[in-house]
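Everything on this sheet refers to the single structure shown next.
Number of protein chains: 2
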Amino acid sequence: MGVNPEPRKKKKGGEGRATSKEVAAEVGVSVATVSNAYNRPDQLSEGLRERIFEAAGRLGYSGPDPLGRSLRRRRSGAIGVLYADRLSYAFTDPAAVMFLEGVSLAAEEAGLNLFLVPGGYGLSGGSEAVLSAAVDGFVVYCVSAEDPVISAVIERKLPVVLVDDPSRDGATSIGIDDEGGARAAAEHLAELGHRRFAVVSFKLTLEPDRGLADPARQESADNEDTRSRLKGYKTAIEKAGVPWGDVPVYECPENTPEEAKAAAEELLAKEPRPTAILALSDQLAFGVMEAAKGFGLSIPGDLSMVGFDDVSEAARSSPPLTTVHQPHVEKGLKAGRKLVALLEGGDPGEPELLPTKLVVRGSTASP
Amino acid sequence: MGVNPEPRKKKKGGEGRATSKEVAAEVGVSVATVSNAYNRPDQLSEGLRERIFEAAGRLGYSGPDPLGRSLRRRRSGAIGVLYADRLSYAFTDPAAVMFLEGVSLAAEEAGLNLFLVPGGYGLSGGSEAVLSAAVDGFVVYCVSAEDPVISAVIERKLPVVLVDDPSRDGATSIGIDDEGGARAAAEHLAELGHRRFAVVSFKLTLEPDRGLADPARQESADNEDTRSRLKGYKTAIEKAGVPWGDVPVYECPENTPEEAKAAAEELLAKEPRPTAILALSDQLAFGVMEAAKGFGLSIPGDLSMVGFDDVSEAARSSPPLTTVHQPHVEKGLKAGRKLVALLEGGDPGEPELLPTKLVVRGSTASP
DNA sequence: CTGAAAGCGCTTACAG
DNA sequence: CTGAAAGCGCTTACAG
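Sequence lines, in order, name chains A and B. Note that the working numbering has the first sequence beginning at -7, numbered continuously upward. Note that the working numbering has the second sequence beginning at -7, numbered continuously upward.
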């Protein structure tokens, strides 16, 4: 007998946690009864149950091992949030943090734990994290449709809700009205009289460039959000009589103020200088504002600035940032709830689009 | 045969993901060989391996199921972060978010996933989340030594690192120099000439009060951080010749600006009005500043304000907040690394205390 | 280079 | 009210 190798030096020694089998032996009952003591109190007498708990306490058994239970039940009790990038970036982006807050609200409601899973991006192991996460389903956030990690998620055949990139037919998804929000932002600037625009954008493809992106590249953006926002700008700007081809669109490889600052430094050095800059996120907008400061430009006196996201810092920056509001927490909450519904056997439902809204604050004025 | 009940309608139908057994049958090898194809490529011929992958693709097998693997290996590949409160609060507190950033950095380094676990606090199930999380170890954040969830963690007999509350003998822990930081903050105010102080504090016990806390209650605070910070204030203030008993300490049940605002409204209504307020966190300080605005008080003209944490908003608030800096990200990173070391069989090591530092900005001046 | 066997820790429907 | 048995999906040391 006994072929089983290394796993743990259990028994005797008090060390290493006890198993239900050991508790059962101690009390003189079967493991089934120990299991029932924890899971179905009505299945055994109160007295026996207490004796079991007492023995468990003595042996240091803290209840069913999650791994054994999960394997048997085919449920881990956790939902995974797949984030496109390294996890540490997620905590750096206020929009992502609010989204996570929403998802965690949904997880709490359902009594589920939250598992954070980084997308590949050349991390050690690529999609390995996705393949090795013991979760019952995924909320996929901020991952472009082209990202190989998406295939990994699909392969897992777990319930999935796609956020902000509602492609895949039949998939459950939730997003926001990116195009409408972006259009409103650009219209606002046009109405103020601006005609010289520039745009600071997210990366356009998985292999990002740093620098100006021509319209062809813009249209090949593999992230739906990005495409829609650019399209919204374009519609409004062309309506104002400015050819879209005249508008420099600067691609930043990362959604950080630092990248945007560098971008803006190039954009603001151009002659004639743009009088208004549209940023695809508030994070990017903050970087542009810093660059403007460096150039001795006042906002909104010399330069108008519009962001996207309405992160809480937007209201507190100086000047307060005009931006497109989107309901981050609600988006996370709804995404989480949709996943829970799927877990409970619900059907995919219709893709849902949450509204956006332009919030005019102090960073925009007539040129 | 076949007693096993409901679990899943596998086989045929293409639906429901395949198992290694099915792949083995398809290829005509044993499950051991399928396992080897994924885990030990050197154990089988390249040709066979490819046939296995090919069959896996056809059957929709995406590699070893994490649950089965984890149970067998006795490793889940995830580290848990236990947060005292509801998870959604964690995402609301910038200090917690930075800490999580640090932990996620450590997790990434080690190729581990991050599991977020809410502490009980009357949530559905109390410590259930702790008991049911499939993790290899815990980083325990922001949980007071008295919290019952701590016992649940201990019971689990998993490697643990305690953050900010380095009690338990023999446990691995990391914290900051709370007392020194707080002392420096109060000394700074005393040197500016302040003599009428007030303090806005975290909750003192698991069953928090809202309102003034007398010294007895202060000393019974079950969170080490809180006790140490109050002690630091006390030392400096008494050194300045002000009896600690004269300093109102207002307990807020939650670490939110809203609570602090309400607290400050009471504090600022007192006669004589305090000329300086010390807050145990920046979050609380922000609330106090709002209240001051409501009273038409200028900062630092009418009221000096010192926070604690040096969250990134602190530098951007108006006026910029004088506060005690602590290295949140580094704390998380080190906590995570300590856990990883423990997981790899390292020993607990000495409790580590990271330095704090007063950062003087615009919210403090002479009375 | 490949397979048979044991077993990780648990839960469940059923028989008694 | 309690237990025997099957099995969740996997990995491992060993024999061949």
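The beta-carbon is built from N, C-alpha and C at its ideal position, and this holds for glycine as well.
Query	Result
The segment 134 to 149 of chain A: positions lying closer than 8 Å to chain B by Cβ	A144, E147, R148 and K149
CB contact below 8 Å: P249/A versus chain B	no
Segment contact, 8 Å Cβ cut-off, at least three pairs: the segment 218 to 238 of chain A with the segment 248 to 262 of chain A	no
Expected contact under 8 Å - CB spacing of V316/B and M297/B to nearest Å	Not confirmed; about 12 Å, so no contact.
V(-5)/B versus E211/A: straight-line alpha-carbon distance, rounded	The pLDDT assigned to V(-5)/B is 37, lower than 50, so where the model puts this residue is not dependable, and the model offers no usable value.
Alpha-carbon spacing of C244/B relative to E199/B, whole angstroms	11 Å
Coarse secondary structure for P343/B, derived from DSSP in three states	coil
Per-residue contacts from A70/A into chain B (C-beta, under 8 Å)	F107, A125 and A126
Closest by C-alpha distance to D274/B, when choosing among S290/B, L260/B, T267/B and S304/B	S304/B
Interface residues of chain A facing T84/B [CB-CB closer than 8 Å]	E93
9 Å Cβ cut-off: residues of chain A touching P33/B	Correct list: empty, because the minimum Cβ distance to chain A is about 15 Å.
Rounded straight-line distance, which links the Cα of R265/B to that of D206/B	19 Å
CB contact check: A47/B to chain A, cutoff 8 Å	no
Inter-residue Cα distance where the pair is L325/A and V131/A	11 Å
Where I146/B falls: helix, strand or coil (DSSP)	helix
Counted within 10 angstroms of its Cβ, other Cβ atoms place S309/A as buried (16 or more) or exposed	buried
Proximity to L106/A [Cα-Cα], best of L331/A, T356/A and G338/A	L331/A
Beta-carbon separation (whole angstroms), A121/A vs P110/A, contact threshold 8 Å	5 Å
Residue environment, Q318/B, which counts as buried when at least 16 other CB atoms sit within 10 Å	buried
Backbone secondary structure at S116/A - three-state DSSP	Caution applies to S116/A, whose pLDDT of 44 falls short of 50 and renders its modelled position unreliable; the value that the coordinates give is listed next. Note: S116/A maps to coil in three-state DSSP.
Run of the beta strand (DSSP E) containing F130/B, from where it starts to where it stops	F130 to Y133
Exposed unless 16 or more other CB atoms sit within 10 angstroms - verdict on G129/B	buried
Contacts that E305/A makes with chain B (C-beta to C-beta distance below 8 Å)	E305 and R308
Cβ-based neighbour list, K13/A, same chain, cut-off 7 Å, excluding 5 preceding and 5 following	V23
Straight-line Cα distance separating Y53/B from I291/A	56 Å
Chain-ordered neighbours of S27/B on chain A, where CB pairs are closer than 8 Å	Near S27/B there are no residues of chain A at all, since even the closest Cβ is about 14 Å away, more than 8 Å.
For E183/B and L346/B, the rounded distance between their alpha carbons	25 Å
D157/A versus R67/A: straight-line alpha-carbon distance, rounded	27 Å
DSSP-derived helix/strand/coil call for V352/A	coil
Rounded separation between V241/A and N247/A - CA only	15 Å
Where the segment 54 to 67 of chain A meets chain B: residues whose CB sits under 7 Å from a CB there	S54, G55, P58, L59, G60, S62, L63 and R66
A76/A versus A283/A, T197/A, Y30/A and G337/A, residue with shortest Cα-Cα distance	T197/A
Best match in L350/A, V127/A and G233/A for proximity to L59/B [C-alpha to C-alpha]	V127/A
D301/A, DSSP secondary structure in three states	strand
Pairwise C-alpha distance: G39/B and V26/A	48 Å
Chain B within 8 Å of E257/A, Cβ atoms only	no
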